[in-house]
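Asks: So that we are looking at the same thing, I have put the structure below in structure tokens.
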Amino acid sequence: MVEIISTLEELEQYNLLERVEKAFEKAEKDGDLIYDKSTKAEIIKDESIGMTYELKVVSGLSKRPINRPTQPGADKSIKSDAGDDSADRLNKVKLNNPFIKPEPELTLIDSLCDGYRVILNKFPNTKDHFLMVTKEFVQQDTLLKPIELQLMQTILKNLNKDVKNGHNGVDGGGEFFAFFNSGPESGYSQFHKHVQFMKLPDGFPIFQKKVIENEEFFIPSTNSIDKKTSLFKKDLSFKHFILRIPTDFKSVDEQEHILAMLYMHLFKIVLNIFKEHEIDVSKVSYNFLMMQDWIMIIPRRAAFYNGIWQNSLGFMGLFNAKNEETKNDILNAKFTKILQECGFAMEEDEDKIVYNEYGY
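Residue numbers (the working numbering): 53 to 412.
Written as structure tokens, this is what we have:
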């Protein structure tokens, strides 16, 4: 069945949750994706900082292919017009690209607003894990476009209005969230541009909800005397920056303008942090996460800590290991240390730091 959705308005009305659930169930039954639903998760609460973690073994991670032109920590950057072997490495990535012609059994929406597809993740971390990918090859390191931000929020609003089973309605458990890994140290495995959507465990509390619960939407500023800027939870070990986003807009144009402005505000903070640490702009890496009422960005220094790979998920408290050995490595390394070393350490005077001093 070919599914074509041409506008955001059509997407709002589309029964996406049912489409995802039925397609995932069939793909799992037919062996078209690698998922072990028998995996038991361990929930660990750190009362000292108010963060909860889920730790589980996801055996499919050991089978998930990595298709990127450079590995984390490499000195080489990728440019399509570079004079070294960069173009060759990029062409090899394109040849092995699973997103250009995705498997029909995994395809949920063949054409979304002309430039995108929605497909199931062949190696899902959780049930109903899916992706929005560009139809044509676009590098993962490019900025999110305004339409991509709009699609992310519209998909989340669509899904979460129908999420009922196990949803506690307070801390976000059971709801879907979106994430985008960008930059060589962000933890992505595929170089073709993609945004991922996953459901939180039922009843799972996330710290972002607490951070924004008493905050009204505001336009961030760093110039006024009584400035309002991005929010964060100071007792966490890693730098992170959160903004509330509206859930209703007067028009599609207003949604486009506001989401793009808020995203760029957060991205400029990342640029300032990398410049402050004298890290080359080619290494700029970050994780961007969204739920329908907030966005968060985490600047990334490294994809690994002690061999433990991290993308966006750890910063939601979700840790996945490819086997029991890696699970034990995570427990021994400690969650807070892993996140601190893969990101940038929270500073004592974080609430006094101004991130516009370089004029980006």
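Cβ coordinates follow ideal geometry from the N, Cα and C atoms, glycine included.
A quick note: this is a predicted structure, and the numbers were derived from the prediction, not measured.
Would you report the Cα separation of Ala354 and Glu330, rounded to the nearest angstrom?
Replies: For the purposes of this step, residue 354 is taken as residue 302 along the sequence shown, with counting starting at 1. For the purposes of this step, residue 330 is taken as residue 278 along the sequence shown, with counting starting at 1. Answer to the nearest angstrom: the Cα atoms are 15 Å apart.
Asks: Note down, one range per segment and in chain order, each beta strand (DSSP E) of at least 3 residues found wholly within the segment 83-162.
Replies: Those beta strand (DSSP E) runs which fall completely within the segment 83-162 and span 3+ residues are 94-98 and 103-109.
Asks: Straight-line CA distance for Phe326 to Ile350?
Replies: Counting from one through the sequence shown, the residue named residue 326 turns up at place 274. Counting from one through the sequence shown, the residue named residue 350 turns up at place 298. Straight-line Cα distance between these residues: approximately 12 Å.
Asks: Alpha carbon to alpha carbon, how far is Val145 from Phe243?
Replies: Here residue 145 refers to the residue found at position 93 when the sequence shown is read from its first residue. Here residue 243 refers to the residue found at position 191 when the sequence shown is read from its first residue. Answer to the nearest angstrom: the Cα atoms are 7 Å apart.
Asks: Grab the span of the beta strand (DSSP E) containing Asn67 for me, first residue to last.
Replies: Residue 67 sits at position 15 when you count from the first residue of the sequence shown. Run containing Asn67: none; DSSP gives neither H nor E here.
Asks: In chain order, what residues of the same chain have a beta carbon less than 6 Å from the beta carbon of Phe231, not counting five sequence neighbours either side?
Replies: Numbered from 1 along the sequence shown, position 179 holds the residue referred to as residue 231. These residues qualify, in order along the chain: Gln248, Leu341 and Ser364.
Asks: Out of curiosity, what's the CA-to-CA distance linking Val333 and Asp401?
Replies: The count along the sequence shown starts at 1 and reaches residue 333 at position 281. The count along the sequence shown starts at 1 and reaches residue 401 at position 349. Roughly 25 Å separates the two Cα atoms.
Asks: Would you kindly report the start and end of the unbroken beta strand (DSSP E) that includes His292?
Replies: Taking the sequence shown and counting its residues from 1, the one referred to as residue 292 is at position 240. His292 -> no beta strand (DSSP E), and no H or E assigned at all.
Asks: Would you report the Cα separation of Glu393 and Leu201, rounded to the nearest angstrom?
Replies: Within the sequence shown, the letter at position 341 stands for residue 393. Within the sequence shown, the letter at position 149 stands for residue 201. Taking the straight line joining both Cα atoms gives about 28 Å.
Asks: Indicate whether Ile152 and Ile57 have their beta-carbon atoms separated by less than 7 Å.
Replies: For the purposes of this step, residue 152 is identified with residue 100 of the sequence shown, where counting begins at 1. For the purposes of this step, residue 57 is identified with residue 5 of the sequence shown, where counting begins at 1. No, Cβ-Cβ distance for Ile152 and Ile57 is not below 7 Å.
Asks: Using the beta-carbon count (16 or more within 10 Å), is Gly359 buried or exposed?
Replies: To locate residue 359, count along the sequence shown from 1; it is residue 307. The residue in question, Gly359, is exposed, as its Cβ has fewer than 16 Cβ neighbours within 10 Å.
Asks: Any contact of the segment 285-298 with the segment 377-393, i.e. 3+ C-beta pairs under 8 Å?
Replies: The answer is yes - the segment 377-393 touches the segment 285-298, with three or more Cβ pairs under 8 Å.
Asks: Applying the 10 Å Cβ sphere with the 16-neighbour rule, what's the burial state of Ala397?
Replies: Taking the sequence shown and counting its residues from 1, the one referred to as residue 397 is at position 345. Exposed: under 16 other Cβ atoms inside 10 Å.
Asks: Compare the Cα-Cα distances from Lys186 to each of Leu196, Gln307 and Thr59 and report the closest residue.
Replies: Looking up residue 186 in the sequence shown gives position 134. A quick correction: the sequence has Thr, not Lys, at residue 186. Here the closest residue by C-alpha is Leu196.
Asks: With His317 as the anchor, note down where its alpha helix (DSSP H) starts and where it stops.
Replies: For the purposes of this step, residue 317 is identified with residue 265 of the sequence shown, where counting begins at 1. His317 -> alpha helix (DSSP H) spans Val304 to Glu328.
Asks: Can you tell me whether DSSP reads Phe256 as helix, strand or coil?
Replies: Taking the first residue of the sequence shown as position 1, residue 256 is located at position 204. Of the three classes helix, strand and coil, the one that applies to Phe256 here is coil, per DSSP.
Asks: Under a Cβ-count criterion, where at least 16 other Cβ atoms within 10 Å of its own Cβ denotes burial, should Leu147 be classed as buried or exposed?
Replies: Reading the sequence shown from its first residue, position 95 is the one you call residue 147. By the 10 Å Cβ count, Leu147 comes out exposed.
Asks: Excluding the 5 residues flanking Gly218 on each side, which residues of the same chain have their C-beta closer than 6 Å to its C-beta?
Replies: By 1-based counting over the sequence shown, the position of residue 218 is 166. For Gly218, the predicted structure reports a pLDDT of 41, less than 50, and the residue's modelled location is therefore unreliable. A value from the coordinates is still provided. Cβ within range, chain order: Gly226 and Asp254.
Asks: Check whether the segment 174-183 touches the segment 83-90, counting contact only when three or more Cβ pairs, one atom from each stretch, lie closer than 8 Å.
Replies: The segment 174-183 is in contact with the segment 83-90.
Asks: Between the Cα of Ala93 and those of Ser111, Gln191, Ser303 and Gly167, spot the shortest distance and give me the residue it belongs to.
Replies: As a first step, residue 93 is located in the sequence shown; it is residue number 41 there, counting from the start. Answer by Cα proximity: Ser111.
Asks: Rounded to the nearest angstrom, what separates Val304 and Ser241 at their Cα positions?
Replies: Counting from 1 along the sequence shown, the entry for residue 304 is found at position 252. Counting from 1 along the sequence shown, the entry for residue 241 is found at position 189. So the two alpha carbons sit approximately 32 Å from each other.
Asks: Could you have a look at Lys374 and say whether DSSP puts it in helix, strand or coil?
Replies: Position 322 of the sequence shown holds residue 374. In the structure shown, Lys374 sits in coil (DSSP, three-state: anything other than H, G, I, E or B).
Asks: Could you compute how far the alpha carbon of Glu55 sits from the alpha carbon of Glu188?
Replies: Here residue 55 refers to the residue found at position 3 of the sequence shown. Here residue 188 refers to the residue found at position 136 of the sequence shown. Rounded to whole angstroms, Glu55 to Glu188 spans 18 Å at the Cα level.
Asks: Is DSSP giving Val247 helix, strand or coil here?
Replies: Residue 247 sits at position 195 when you count from the first residue of the sequence shown. Of the three classes helix, strand and coil, the one that applies to Val247 here is strand, per DSSP.
Asks: For Gln65, which residues from the same chain have a beta carbon less than 7 Å from its beta carbon, with the 5 sequence-adjacent residues on both sides left out?
Replies: Looking up residue 65 in the sequence shown gives position 13. Excluding residues within five positions, none has a Cβ falling inside 7 Å.
Asks: Is the closest heavy atom of the ligand ZN to the C-beta of His317 under 6 Å?
Replies: Among the ligands in the structure shown, none appear at all, so the ligand ZN cannot be discussed.
Asks: Look at the Cβ atom of Asn339, then the Cβ atom of Ser273, and state whether they are nearer than 7 Å.
Replies: Locating residue 339 in the sequence shown gives position 287, counting from the first residue. Locating residue 273 in the sequence shown gives position 221, counting from the first residue. Contact flag unset, no.
Asks: Identify, in the order they occur along the chain, each residue of the same chain with its Cβ nearer than 8 Å to the Cβ of Val215, setting aside the five sequence neighbours on each side.
Replies: Residue mapping note: residue 215 aligns to position 163 of the sequence shown, counting from 1. Same-chain partners within the cutoff: Leu69, Gly226, Glu227, Phe228 and Lys251.
Asks: To the nearest angstrom, report how far apart Gln307 and Lys209 are at their CA atoms.
Replies: Working through the sequence shown from its first residue, we reach residue 307 at position 255. Working through the sequence shown from its first residue, we reach residue 209 at position 157. Answer to the nearest angstrom: the Cα atoms are 13 Å apart.
Asks: Spatial neighbours of Glu157 within its chain, please: C-beta separation below 6 Å, excluding the five flanking residues on both sides.
Replies: As a first step, residue 157 must be located in the sequence shown, where it is residue number 105. Within the same chain, Glu157 has close Cβ partners Ala79 and Asp84.
Asks: Rounded to the nearest angstrom, what separates Leu295 and Asp140 at their Cα positions?
Replies: As a position in the sequence shown, residue 295 is number 243, starting the count at 1. As a position in the sequence shown, residue 140 is number 88, starting the count at 1. Taking the straight line from one Cα to the other gives about 40 Å.
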